[in-house]
Amino acid sequence: MDALDKVIEAAGADVYLMYASSQDPDIRYLTGFTTSDPFVYFKRRNDRGTVIVSHMEAARAARESKAAVMTRTSAGLPEILKRESNLWKATAMMIAGQVGGKILVPPTFPFALARALSETCTIIVDENGLASLRAVKSPKEIRFIRQVQKCTEQAIDTAITMIRRSRVKSGKLSLGNKPLTSERVRSEMHKTLIGLECRTTDTIVACGKTAAIPHAVGNGPLFPDEPIVIDLFPQDEKTGYYSDMTRTVVKGEAVPEIRDMYEAVTEAHDLAVSEIRAGAIGAEIHQSVIEFFSDRGYGNGTKGFVHNLGHGVGIEVHEAPSLGPFGGKLLAGNVITIEPGLYYPKIGGVRIEDIGMVTARGFNRFTNYPRELEL
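If you read the sequence shown in our numbering, its first letter stands for residue 90, the second for the next number, and so on.
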């Protein structure tokens, strides 16, 4: 019995069912198949699952998918459409011809399809079984994440090298006689990633007071002596897996407040690492960092430490487990980030983020890039 079989059994269901495109991380995780069009996936206990795809996609699905392949024609959809014009009802009839009884579906399952299926089957919603399953990574998944982290570090290094090589001109950073802007740095990072067959969006290159807004992507000129937060979370185009990394740098000399914040964030990061191991509670580690910052005079709420300490990473950039107020027990094989930060609107922001795996004894760090404030 594999892990998904256990999810099905625990729910008292007969089959697990999905209908989505591979933009849905769950169906990509379960099938390994990528397509922009939605398709059916179902798995009974003790089989490898089946995908139902168009005739055009059948040959490719047979090469790529972990599951058996069936075409919509062989599943009877064209004949069903001759007597049922509503596509949702016709799709439900096609599915019901293959499976029945108690059907376990994810929370994102299309309502119209669930309603049509409920006329002949019992629908059960899988609240968190698949999320828990995905949270513990296999050795293969670990290799995928490590690989994309190496690409992430190359792109981060592209950015930091540009900032390091820049010069001050008219109170702003300049490189090669052109202003150094958030957009320019971000573009070069993305070019690096494209060459490594990775893609990314919403990359953060935020300078000065903008850096006090944790997810502001940043725009315009970069300035000397001010914090620049660089946060990158690319996805490998082939495997679909993500990594996530943040560094904060200053070109020149940081003001004392930023130096103090950077020192506190570094120490908070090290504290969190020291507490991570299988069996530790995410919420308790998060609280330890809150208390550490409080002891150093930094609060939490609307200023100071304003977000979770970390999160799981895999086929989504944010997934289970959580290192936040409601974080549960960490398990060996969880891949998580550790990203303490401090944010003050009149000063700026500082964040440091590494990724690694929870083990029985601690934290196996995947990130292999220095922490350096002043360039």
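Backbone N, C-alpha and C define an ideal beta-carbon position, used for all residues, glycine too.
- Within the DSSP bridge table, the entry for alanine 109 names Phe128 as partners.
- Taking a 10 Å sphere around the C-beta of valine 214, we find fewer than 16 other C-beta atoms and assign the residue as exposed.
- Annotation for leucine 222: the continuous alpha helix (DSSP H) segment containing it runs 218 to 224.
- In the structure shown, the three-state DSSP call for glycine 403 is coil.
- By the Cβ test, the stretch 199 to 215 is not in contact with the stretch 418 to 430, since fewer than three Cβ pairs between them sit closer than 8 Å.
- Taking 8 Å as the cut-off, the beta carbon of glutamine 243 is found closer than this to the beta carbon of leucine 285.
- In this structure, alanine 409 sits away from alanine 157, with a CB-CB distance that is not shorter than 8 Å.
- Annotated as distal: leucine 206 and alanine 179, with beta-carbon spacing of 8 Å or more.
- Between phenylalanine 198 and methionine 107, the C-beta gap is smaller than 8 Å, which places the two residues in contact.
- Taking a contact to require three or more Cβ pairs closer than 8 Å, the stretch 183 to 199 and the stretch 161 to 173 qualify as touching.
- About 7 Å separates the beta carbon of leucine 398 from that of glycine 413, a gap short enough to meet the 8 Å contact definition.
- Under DSSP, isoleucine 425 shares a beta bridge with Gly401 and Gly445.
- In the structure shown, the three-state DSSP call for glutamine 187 is coil.
- Below 8 Å, enough C-beta pairs join the stretch 311 to 319 and the stretch 336 to 345 to call them touching: three or more.
- Taking C-alpha positions only, phenylalanine 122 is separated from glycine 260 by approximately 51 Å.
- DSSP, read as helix, strand or coil, puts leucine 119 in helix.
- The continuous stretches of alpha helix (DSSP H) do not include serine 263, which lies in the beta strand (DSSP E) extending over residues 261 to 264.
- By the neighbour-count criterion, in which 16 or more other beta carbons inside 10 Å mark a residue as buried, serine 154 falls on the buried side.
- By the criterion of a C-beta distance shorter than 7 Å, lysine 191 is surrounded in its chain by Gly101, Ala102, Asp103, Thr211 and Ile213, once the five residues flanking it on both sides are discounted.
- Cβ neighbours of valine 406 within its own chain (closer than 7 Å, five residues either side excluded): Phe322, Tyr331 and Asp333.
- If one requires a minimum length of 3 residues, the beta strand (DSSP E) runs lying completely within the stretch 150 to 178 are 157 to 160, in chain order.
- Beta-bridge annotation (DSSP): cysteine 296 is paired with Ile317.
- Between histidine 304 and threonine 292, the gap from beta carbon to beta carbon reaches 8 Å or more.
- Where tyrosine 433 is concerned, the enclosing beta strand (DSSP E) starts and stops at 430 to 433.
- Around the C-beta of glutamine 324, 16 or more other C-beta atoms lie within 10 Å, and the residue is accordingly described as buried.
- Rounded to whole angstroms, the gap between the alpha carbons of leucine 193 and isoleucine 97 is 7 Å.
- At the C-beta level, serine 411 and histidine 400 come within 8 Å of one another.
- Excluding the 5 residues flanking it on each side, arginine 235 has same chain C-beta neighbours closer than 6 Å at Phe455, in chain order.
- DSSP places aspartate 359 in the helix class (H, G or I) of the three-state scheme.
- Separation of isoleucine 252 and valine 294 (C-alpha to C-alpha, rounded to the nearest whole angstrom) is 11 Å.
- Here the alpha carbons of glycine 438 and glycine 265 stand approximately 28 Å from one another.
- Non-local C-beta neighbours of alanine 109 in its own chain, meaning closer than 6 Å and more than five positions away in sequence, comprise Ile116 and Pro127, ordered along the chain.
- Take the alpha-carbon of arginine 149 and the one of valine 140: they are about 12 Å apart.
- Within the same chain, Cβ atoms closer than 8 Å to the Cβ of lysine 392 are found at Tyr432, Tyr433 and Pro434, the five residues on either side in sequence being excluded.
- Per DSSP, isoleucine 252 is one residue of the alpha helix (DSSP H) stretching across 228 to 254.
- Rounded to the nearest angstrom, the Cβ distance from alanine 367 to leucine 419 is 6 Å, consistent with a contact under 8 Å.
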